[in-house]
């Protein structure tokens, strides 16, 4: 299976971390938080946490922090198909394909729930054929991108001539929740909205999919997960996450016997996460992942492909092989190799 194109999409509204802090300070719930919580928010949003900007699907930041459960659900239902549809449309244009030529559309998301899924809405918006295969992958959190491509690879074997689109769509602002839990506070300073889409086929394209690997560590499930709280999604994020990520990714590196010439492309889960991963990849820069984090925050599942898109657009990049790795809820980590076709 070959990669034909890749494209990303972000909401038009873009905010700096200082913008976010100002909006939080002016919100009605600011004084309901403990003094410790206020200090955490101020420290993270004014310090060097690796993030400068984030995009949110809101008209104003005041709106982002004051919505109830019903409004958050409505925001996801409204924005996820738009965000995902734009990414898919751009990817198809780059692949010089029409929506009617797509045989399979696969979508991953974790920041909201729709039934029928986001794939159904995107297919309708863009005018896919009525017999196109539509599937949605949920429950993988930030690590969903690679498992989604693995499903695509299975379809490519089942339908060798199929044109397959994968899309990772996250409206993280539709899962904002604030209370005095440290993980919740850090999450409010970390996540941004975005989508990425990729077009695949058995022929064409410069990059070919290689071997997939996964590591599942359910003993760390409670370190990172969504919990349902009063009708909302609440992110549980513990301080152990960076070390758990590094241990898990190191296992994948060992299993795949990663070649020195392969350029790692990682999910930009946060500054501390990328710092913990640096020793796992001696001699390799994680600049693309850090730049994605700086420009957009933690995008959840789209981030690894947003970073790959930036690398492929960089004319100075000379890598012949890429090693993509995402990680998230489970706790789980997943990887796949991409090699330039000779």
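In full-length UniProt numbering, the protein residues as written are 1 to 342. The beta carbon of each residue, even a glycine, is placed where N, CA and C say it ideally should be.
Cα-Cα, which of the options is closest to residue i?
i, options, result
"residue 64", "335, 209, 21, 85", "21"
"residue 37", "24, 48, 49", "24"
"residue 178", "51, 336, 319, 229", "229"
"residue 128", "99, 313, 200, 116", "99"
"residue 115", "277, 131, 138, 102", "138"
"residue 45", "271, 307, 282", "271"
"residue 196", "186, 240, 143, 302", "302"
"residue 203", "157, 224, 188", "157"
"residue 108", "102, 118, 101", "118"
"residue 335", "234, 235, 251, 206", "251"
"residue 267", "281, 292, 280, 282", "292"
"residue 246", "140, 217, 337", "217"
"residue 94", "199, 327, 278", "199"
"residue 261", "295, 221, 320, 269", "320"
"residue 101", "222, 149, 212, 201", "201"
"residue 7", "220, 113, 194", "194"
"residue 211", "42, 51, 49, 339", "339"
"residue 89", "205, 314, 5", "5"
Is the Cβ-Cβ distance between residue i and residue j less than 8 Å?
i, j, result
"residue 174", "residue 83", "no"
"residue 152", "residue 166", "yes"
"residue 231", "residue 69", "yes"
"residue 248", "residue 331", "yes"
"residue 298", "residue 191", "yes"
"residue 15", "residue 53", "yes"
"residue 66", "residue 28", "yes"
"residue 168", "residue 145", "yes"
"residue 126", "residue 85", "yes"
"residue 341", "residue 1", "no"
"residue 105", "residue 123", "yes"
Determine, using beta carbons only, whether residue i comes closer than 8 Å to chain C.
i, result
"residue 127", "Reference to chain C is not applicable here, since this structure consists of a single protein chain."
CB-CB under 6 Å to residue i, same chain, minus the five flanking residues each way: which ones, in chain order?
i, result
"residue 79", "57, 171"
"residue 111", "170, 171, 172, 174, 175"
Leaving out the 5 sequence neighbours to the left and right, which residues in its chain are closer than 7 Å to residue i when beta-carbon positions are compared?
i, result
"residue 120", "134"
"residue 186", "44, 237"
"residue 103", "132, 133, 159, 162, 163, 164"
Across which residues does DSSP place residue i in a beta bridge pair?
i, result
"residue 241", "Residue 241 pairs with nothing; no bridge assigned."
"residue 306", "Per DSSP, none; premise fails for residue 306."
"residue 200", "3, 164"
"residue 334", "214, 326"
"residue 93", "According to DSSP, residue 93 bridges with nothing at all."
Taking 8 Å as the limit between beta carbons, can you name the residues of its chain near residue i, skipping five residues before and five after?
i, result
"residue 59", "13"
"residue 265", "288, 289, 304, 307, 308, 311, 322, 323, 324, 325"
"residue 327", "142, 143, 245, 248, 249, 267, 269, 333, 334"
"residue 275", "242"
Pair every Cβ in the segment 242-257 with every Cβ in the segment 282-301, then say whether three or more of these pairs are closer than 8 Å.
no
Do the segment 4-11 and the segment 30-45 make contact, defined as three or more Cβ pairs closer than 8 Å?
no
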